[in-house]
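Read in UniProt numbering, the sequence shown has 11 at position 11, and its numbers run on one by one without any break.
One structure is given here, and the rest of the page talks about it.
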Amino acid sequence: MITMKSRERVIKALSHEEPDRVPIDLGAMGCSGIAAMAYNILKKYLGIKGGSTKVVDMWQQLAKPELEILERFHVDTIGIWP
1 MITMKSRERV IKALSHEEPD RVPIDLGAMG CSGIAAMAYN ILKKYLGIKG
51 GSTKVVDMWQ QLAKPELEIL ERFHVDTIGI WP
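Right under this line is the structure:
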C-alpha cells in the first residue's frame, strides 16, 4: 500500500478529494492545541522523559508539541510558533 506524504494528504483533504486517511493535527493552531498540564500528563503516560514543555499561548496555556509526540501520533501538520 502506497501512503501519501503529510503535505499531499492535507492538500487533498482541503481540495475536497479523498486522501489515504484523515489528516491529523495536534497543536498546529490554537483550536487544535493541547493544554500544557494535559500535555505533561500525556508525556508521563506514554513514558516520555526529558524535554521541557514550552507554552506557546499564555492565555490558553497551550503546549508546543515536541517532535517525538508528533511522530508517535503520525501528525500531518506542524505549527509555526515563535
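Even for Gly, the Cβ is constructed at its ideal location relative to N, Cα and C.
Computed from a predicted structure; not experimentally measured.
Item, Value
"For residue 10, the first and last residue of its enclosing alpha helix (DSSP H)", "6-14"
"Proximity of residue 9 and residue 76 at Cβ, strictly below 7 Å", "yes"
"Residue 22, enclosing beta strand (DSSP E) - first and last residue", "Counting along the chain, residue 22 falls outside any beta strand (DSSP E), and DSSP gives it neither H nor E."
"At least 3 beta-carbon pairs within less than 8 Å: the region 11-20 vs the region 41-51", "no"
"Distance CB(residue 65)-CB(residue 27) smaller than 7 Å", "yes"
"Residue 55 vs residue 81 beta-carbon contact at 7 Å", "no"
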